[in-house]
Structure formats: structure tokens, C-alpha cells
Amino acid sequence: MLDLGKVESDLLQSIVFDNIKYKSEDVIVRPGIGEDCAVLSTEGNHAVMSTDPITASVKDIGRIAIHITCNDIASNGVRPVGIMLAIMLPYGTSQGELETIMRQAGETAEKLKVDIIGGHTEVTKAVNKPVIVSTAIGKTEVYREDIPEVGDVILMTKYAGIEGTGIIIGDFERKCREVLSDDEIRQGRLLLDRVSVVEEGIIIGREGFCKMHDVTEGGVLGAVWETCSLIGLGCTVKEKSIPVLEITEKISRIFKIDCLRLISSGSMLVVAKREKADVIIEKLRARGILCTEIGSITEGTQGMKIERENGDLEKIEPPEKDEIYKVIHKEI
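For the sequence shown, this note's numbering assigns the number 12 to the initial residue and increments by one for each residue that follows.
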């Protein structure tokens, strides 16, 4: 039986990707582990496309649906221009609940200057809570990435576990109040206003990068594993260098979860050349966006490793079920 969350990487490859037979000459970037978008060649431009379901959040599903897929487009250094929403609502949903979802989506899209260009809305007994599948598209005249190699720098923006922290505090506030103050609860709720990486993606795209990957299910370590698997190289990241908010650490302890494996939309993982990494950090800092060097790329034969705070080196395992599902399904 398949486990909850994203399908494991080996099954994704053997069952999903290996069953995709036809390959068009117009497709430049195809599906792959750690690949956020497809890229299609069109007359005079390249179309960058991505799709994502929102299944973990309830209270903020409308705005998260916009942010998450637009983040994927931004991970290619491209600004999203349009988005489509397929909204599935459980039987018994009120008009007010649908209105809340669409108000959130409309306001968020307006802030990002993204046009909601279509979709589908229905009530169905196939789901027991609202589910949204969003598909975003961006366009660019030139699509290019630097070639990743040993010695490149691994950066991440903002903090680990941003989205997961916001969702958990929003949906499980009573439990969180056992360890968080009123002020920390307010701070946690505001984290979902910081899950966009569109601005940093565009800035990094202008400066140049080897690979970008927005940090979603599987958290920071999952994103590191997926990125290095995609580029065929190893890495060493330092646990002490990964920025984590105190409120994230507190809820991680009470729910007994690993914040480095917690869904982290709002953070972008970047592989860049050393000379470009320093420029990226400064450019983002000037815009008030934290960007931290957390590791470096190594030979593929050395594998992917994390240096723990005590100095021990541990293998970074492939991402499994995101830690947030332990909270949602009370597997604590």
C-alpha cells in the first residue's frame, strides 16, 4: 500500500516517469526528481509550466494554492503570468466557504500580479475536505542555467519549515498554545504571508544560477536530496547553518517532528557558482530577504551528507512522508 504524501522517489521514477512514452521535440525540460517545472519551446518564447495540489492546509488553502505553484515557476528564474485552479469541495460545503477560498486566491494572485485564467469548481463525495490543484505558467525569451559542478555553493532563503509552521499553528492552535505565547501564535499565523519565493526567484534568475528548487514537501533535506539527485552530484550541508525560527523549533518538539523534513514553501534552495553566490546573498539582503550559505556541492561518489551540530556526518536519505502528515493524522 502506498504511504501518505508524495510518492517515494524510486516509485515516482519506475511507475510514473517510466510510463511516459511519447516525447515531443517542443519540450525542453521534462519530468524528473527535483524538477519543479516543464519548459516548452514556443515561437519566440519559452513557456514554463507547473502544477501542484494543496491537500495539507484547510484554513488558508486559497492563498497557498496560488503561492505554491507560482513558486515553482519562480524556481526557474521566471515570473508567473497566469494560473488555473481546479477546486474540489466535499459535500456539505457552504457558499461562504467557497467564497473564502476564492477571496484568498483572488487577493493573493492580485498581489503577485498573476491572472487567474480558468479552472474548474465542483462539489464531490470523492473528497472529505477542500482540495485545490493549481497549474501556473510563465514565459521567458531565454532559458538557461549554469552547469553545476564540484565546489558550487548551496544557498537557501528564509527559514526551514515556514509553511509547515504556519499550517500547524493555524489548524492546531490549541495544542500549539501549550508551548507558544500569544505573540508567537500571531507571528506563526503571519508566516503564511511569507511563503512566496517569486521575488527571490526572479532576482536569482537575473544573477545566474545552476539550479533552484522551492522547498516544499520533504523540507530542506528533501529538497537537497532531490536537487543533488537531479544534477548527479553529492553535497555536504551543515545543520548549524540552516536557519530555523524559534517557534518552529518549539512546535517541532511538542509534535515530535523533524523541522528539516517539514514542508517549507517560502524557502528557495539554490545551487550557484561561488562568485555569483555572494552577489545573490547581497542582492536579496538589500530586498530584506534572508539568504544563507548552508553547504557545497561535492563529487557524486561522496554522496549527500549533513554535518550535524556535534560534528557527525550522516547520510541524507531520500524524502519520505512529510513531517506535517504526522501532525495532521496524529501519528505522534
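Glycine residues also receive a C-beta, built at the ideal position from the N, C-alpha and C atoms.
Own chain, CB closer than 6 Å to residue i, minus 5 neighbours either side, in chain order
| i | result |
| --- | --- |
| V344 | A query on residue 344 cannot be resolved here, the shown segment of the chain reaching from 12 to 343 and no further. |
| K17 | E228 |
| H131 | A97 |
| I268 | E334, K337 |
| I65 | I72, I75, A76, I143 |
| R264 | none |
| D37 | L51, S52 |
Sheet register partners of residue i (DSSP bridge)
| i | result |
| --- | --- |
| S307 | V164, T247 |
| L324 | E318 |
| D126 | G93 |
| T312 | Beta-bridge pairing links T312 to no other residue. |
| H131 | A97 |
| G216 | Answer is none; G216 lacks a bridge partner. |
| A171 | V255 |
| G149 | V59, P91 |
| S35 | Partner(s): none; S35 has no beta bridge. |
| S52 | H57 |
| I26 | Its beta-bridge partners do not exist; DSSP assigns none. |
8 Å Cβ shell around residue i - same chain, five flanking residues per side excluded
| i | result |
| --- | --- |
| I44 | S20, L23, Q24, E237, S240, L241 |
| V125 | I77, C81, P91, V92, G93, I94, A147 |
| D71 | Q115, G177, I178, G181, L203 |
| E304 | V164, I165, L166, S252, A288, I292 |
| E286 | none |
| L15 | K332, Y336, H340 |
| P159 | C221, K222, I242, L244, V282, I308 |
| P42 | V27, F28, I31, A49 |
| V161 | L244, I308, T309, E310 |
| H57 | I39, V50, L51, K150, T151, E152, V153, Y154 |
Close Cβ partners of residue i (< 7 Å) along its chain, the five nearest in sequence each way excluded
| i | result |
| --- | --- |
| E325 | K316, I317, R319 |
| G1 | Here the chain covers residues 12 to 343 and nothing more, so residue 1 does not appear. |
| G233 | R272, P330 |
| I196 | I180, E184, C187, R188 |
| R205 | K169, I173, G277 |
| H224 | G45, D47, S86, A234, E237, T238, L280 |
| V290 | E218 |
Closest Cα partner of residue i within the set the options
| i | options | result |
| --- | --- | --- |
| P254 | M279, I268, I265 | M279 |
| E260 | L191, K249, I308 | L191 |
| V40 | Y154, R205, C270 | Y154 |
| L123 | G212, K332, I265 | G212 |
| S35 | L51, V282, M167 | L51 |
| I256 | L301, V281, I214 | Checking the sequence shown, residue 256 turns out to be Leu, not Ile. That would be L301, whose Cα lies nearest to the Cα of L256. |
| S207 | V161, M113, D83 | D83 |
| I258 | E328, E250, D194 | D194 |
| K140 | I262, D63, V226, I112 | I112 |
| G322 | G230, S275, T247, I262 | T247 |
| R298 | T53, C270, I214 | I214 |
| V134 | I127, E108, V290 | E108 |
Residue i versus residue j: straight-line alpha-carbon distance, rounded
| i | j | result |
| --- | --- | --- |
| I292 | K136 | 48 Å |
| R200 | V209 | 20 Å |
| E118 | R74 | 8 Å |
| D163 | I173 | 26 Å |
| E342 | P101 | At E342, the pLDDT of 44 sits below 50, so the modelled position is not reliable; the number obtained from the coordinates is stated separately. When rounded, the distance between both Cα atoms is 24 Å. |
| S105 | V138 | 15 Å |
| E46 | G55 | 23 Å |
| G216 | E110 | 35 Å |
| N30 | S86 | 26 Å |
| I339 | A67 | 8 Å |
| I79 | S145 | 8 Å |
| G175 | V69 | 12 Å |
| G306 | L13 | 33 Å |
| A171 | K249 | 13 Å |
| G219 | D157 | 7 Å |
| G311 | G129 | 43 Å |
| F266 | T53 | 48 Å |
| V231 | M99 | 29 Å |
| Y33 | R296 | 44 Å |
Residue i at chain D interface by Cβ criterion, 9 Å
| i | result |
| --- | --- |
| G149 | The structure shown contains no chain D; it is built from a single protein chain. |
Legend entry - Segments of 3+ residues assigned as beta strand (DSSP E) that fall wholly inside the stretch 60 to 115: 91 to 101
Legend entry - Segments assigned alpha helix (DSSP H), at least 4 residues, entirely inside the stretch 221 to 309: 230 to 242, 257 to 266, 285 to 297
Legend entry - Within the stretch 174 to 205, ranges of the alpha helix (DSSP H) (whole runs, at least 4 residues): 184 to 187, 193 to 201
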